[in-house]
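Enquirer: Below: one structure in structure tokens.
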Amino acid sequence: MAYRSTHCPSGPDQASPAEKFLGRRLRTIFELMMPSADDPVGPRDSEMEEQFNRHHGARRRHFEVFCVSDRLQCGYRQ
Numbered sequence: 001m002a003y004r005s006t007h008c009p010s011g012p013d014q015a016s017p018a019e020k021f022l023g024r025r026l027r028t029i030f031e032l033m034m035p036s037a038d039d040p041v042g043p044r045d046s047e048m049e050e051q052f053n054r055h056h057g058a059r060r061r062h063f064e065v066f067c068v069s070d071r072l073q074c075g076y077r078q
């Protein structure tokens, strides 16, 4: 899969063998790991999220940011 999706620099259009065969780029695991920028959240999704949060009592949580040099206290809650 990696060989077939790698661009061929010696070709005239420098396309991969898979691009030449299929006429489009393959979606590899690297494209699946990257977040897509063309998927914006619309107003309907925002309204749905607000309604869900109101119904289920969800609240935004704030977490403290720790540095490497910070001293932390560890133990069990009782």
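Numbering of the sequence shown is given in UniProt numbering, commencing with residue 1 and proceeding in unit increments. Using N, Cα and C, we set each Cβ at its ideal position, and we do this for glycine too.
Note down the Cα distance separating His56 from Phe63, rounded to an integer number of angstroms.
Expert: If I take the Cα positions, the gap works out to 21 Å.
Enquirer: Using 8 Å as the threshold, is the C-beta distance between Cys8 and Ala15 below it?
Expert: yes
Enquirer: Just the Cα atoms here: how many angstroms apart are Ala58 and Ser69?
Expert: 33 Å
Enquirer: When you compare only the Cα positions, how much space is there between Tyr76 and Arg60?
Expert: 25 Å
Enquirer: Just verifying my parser: in three-state terms, what is the DSSP assignment at Asp13?
Expert: coil
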